[in-house]
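Per this note's numbering, the very first residue in the sequence shown carries number 1308; after that it's consecutive. Even glycine gets a Cβ: it sits at the ideal position worked out from N, Cα and C. These figures come from a predicted structure and were not determined experimentally. Comments concern the structure below.
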Amino acid sequence: MPATSNSLVRETVVLPDVPRRTYAALIEALGAHRLRHTYAHGDLELWRLVNSVSPDDYRRFLEATAEYALRHSFDGWTLEMMSPRKDHDWVKCFIGRIIEAVAFDRDIEIQCIGSTTLRGVDFAQGLQPDEAYYIANEPRVRGKDEYEPEVDPPPDLVLEVDVTNSSIPRLPLLARLGVPEVWRHDGSGVRFLRLAESGDYQPIDRSMAFPFLSVEAVNRCV
1308 MPATSNSLVR ETVVLPDVPR RTYAALIEAL GAHRLRHTYA HGDLELWRLV
1358 NSVSPDDYRR FLEATAEYAL RHSFDGWTLE MMSPRKDHDW VKCFIGRIIE
1408 AVAFDRDIEI QCIGSTTLRG VDFAQGLQPD EAYYIANEPR VRGKDEYEPE
1458 VDPPPDLVLE VDVTNSSIPR LPLLARLGVP EVWRHDGSGV RFLRLAESGD
1508 YQPIDRSMAF PFLSVEAVNR CV
């Protein structure tokens, strides 16, 4: 698949260091969609958006990529896959260190589940967040090796770094999954968001997970 024009580059995603077994499983999982792709020297290039994806397709997709951290969003119809970006990963790691330092300083037990895929119990939606943390609910998941949406509560806090324009809005997905608080960085700064009774996220000045921490204080560090 040539990637010479800007329009084509925007429509494809390049995934580096994809093991051959993961490549084969991924293409098989989405085989019904006849994805145009190229695979050479471990780099997989394929269409960024796949439409008409069923919950069963999504389940197979997750099984195929279980050993490969592939940032993605699925809204019940469209699957969007995203390439790693250096600026994105730098911001994610920096804010993640702030969260962990605050918890350590205040002797607060937290469990980071990293970019573990969050999904509905019926595979009707899902996404891989940048970082996710259990704080108030940490005792409920302590000692567990895997996230099980059928029995586990959603993470108390999710970190989202959005330095590109995603085709699938990710906040509504997080709301449907019941995530109570999101820290979102849009390239210019961090916003603290809480899930309101209306089902939308609303900006707040202080974190619910860390009530002593203001968004202004975090933005002075970022």
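Suppose contacts are defined by Cβ-Cβ distances below 8 Å. Is V1360 in contact with W1384 by that definition?
Locating residue 1360 in the sequence shown gives position 53, counting from the first residue. Locating residue 1384 in the sequence shown gives position 77, counting from the first residue. The answer is yes: Cβ separation under 8 Å.
Using only CA atoms, which one of V1529, E1504, S1473 lies nearest to W1490?
The count along the sequence shown starts at 1 and reaches residue 1490 at position 183. Ranking the options by Cα distance to W1490, first place goes to V1529.
Neighbourhood of A1336 by C-beta, 6 Å cutoff - its chain only, sequence neighbours within 5 removed
Numbered from its first residue, the sequence shown carries residue 1336 at position 29. So the list reads R1367, F1368, A1371, once near-sequence residues are dropped.
Inter-residue Cα distance where the pair is E1407 and E1318
Translated into the one-based positions of the sequence shown, residue 1407 becomes position 100. Translated into the one-based positions of the sequence shown, residue 1318 becomes position 11. Rounded to the nearest angstrom, the two C-alpha atoms are 36 Å apart.
Counted within 10 angstroms of its Cβ, other Cβ atoms place A1332 as buried (16 or more) or exposed:
Translated into positions along the sequence shown, residue 1332 becomes position 25. Classification of A1332: buried, given that the 10 Å Cβ count is 16 or more.
Return the chain-ordered list of same chain residues with a C-beta closer than 8 Å to the C-beta of D1512, the five sequence neighbours on each side being excluded.
Taking the first residue of the sequence shown as 1, we reach residue 1512 at position 205. Around D1512: F1499, S1521, V1522, E1523.
If I measure Cβ to Cβ from V1486 and keep anything under 7 Å in the same chain, skipping five residues before and after, which residues do I get?
Translated into positions along the sequence shown, residue 1486 becomes position 179. Excluding residues within five positions, the ones whose Cβ falls inside 7 Å are P1461, P1462, V1465, L1502.
So the candidates are R1477, D1324, D1363, H1340; which of them puts its Cα closest to the Cα of Y1346?
Sequence index remark: in the sequence shown, residue 1346 carries index 39 (1-based). Ranking R1477, D1324, D1363, H1340 by Cα distance to Y1346 puts D1324 first.
Assuming the contact rule is C-beta atoms closer than 8 Å, D1382 and I1475 should be a hit. Round their C-beta distance to whole Å, please.
Numbered from its first residue, the sequence shown carries residue 1382 at position 75. Numbered from its first residue, the sequence shown carries residue 1475 at position 168. The pair is a contact, with the Cβ atoms about 5 Å apart (cut-off 8 Å).
Identify, in the order they occur along the chain, each residue of the same chain with its Cβ nearer than 7 Å to the Cβ of L1480, setting aside the five sequence neighbours on each side.
As a working note, residue 1480 is residue 173 in the sequence shown. Cβ neighbours of L1480 beyond the five flanking positions: S1380, D1382, Q1432, L1434.
Run through the DSSP bridge pairs and tell me what D1350 is partnered with.
Within the sequence shown, the letter at position 43 stands for residue 1350. DSSP lists A1347 as partners of D1350.
Per DSSP, P1510 forms a beta bridge with which residues?
If you number the sequence shown from 1, residue 1510 lands on position 203. P1510 pairs with L1500.
Using a 10 Å radius around the Cβ and a threshold of 16 neighbouring Cβ atoms, would you call L1377 buried or exposed?
Indexing the sequence shown from 1 puts residue 1377 at position 70. Buried, by the Cβ-count rule.
Nearest to H1395 by alpha carbon, out of I1334, H1492, E1455?
Taking the sequence shown and counting its residues from 1, the one referred to as residue 1395 is at position 88. It is H1492 whose Cα lies nearest to the Cα of H1395.
Pull the bridge partners of S1380 from the DSSP assignment, please.
Translated into positions along the sequence shown, residue 1380 becomes position 73. Looking at the DSSP assignment, S1380 forms a beta bridge with E1387, L1434.
Cβ of V1428 within 8 Å of Cβ of E1457?
Translated into the one-based positions of the sequence shown, residue 1428 becomes position 121. Translated into the one-based positions of the sequence shown, residue 1457 becomes position 150. Yes. Within cutoff.
D1412 and S1422 - do their beta-carbons sit closer together than 8 Å?
Position 115 of the sequence shown, counting from 1, holds the residue named residue 1422. Position 105 of the sequence shown, counting from 1, holds the residue named residue 1412. Contact flag unset, no.
Could you tell me if F1292 is buried or exposed, where buried requires 16 or more neighbouring beta carbons within 10 angstroms of its beta carbon?
In the structure displayed, the chain extends from 1308 to 1529; residue 1292 sits before or after that span and is not available.
Complete alpha helix (DSSP H) runs within the stretch 1412-1464 (minimum length 4 residues, chain order):
1445-1448
Nearest to P1446 (by Cα), restricted to the options D1469, I1417, V1468, S1473
Along the sequence shown, one-based indexing puts residue 1446 at 139. Of the listed residues, the one whose Cα sits closest to P1446 is I1417.
Nearest to S1514 by alpha carbon, out of R1328, S1505, V1525, D1507?
As a first step, residue 1514 must be located in the sequence shown, where it is residue number 207. The option with the nearest alpha carbon to S1514 is V1525.
Pick from V1357, E1374, H1344 that is closest to E1387, judged by C-alpha positions:
The sequence position of residue 1387 within the sequence shown is 80, counting from 1. Taking only the C-alpha atoms, the option nearest E1387 is V1357.
Just to confirm the assignment, what range does the beta strand (DSSP E) spanning L1322 have?
To locate residue 1322, count along the sequence shown from 1; it is residue 15. Run containing L1322: 1319-1322, per the beta strand (DSSP E) assignment.
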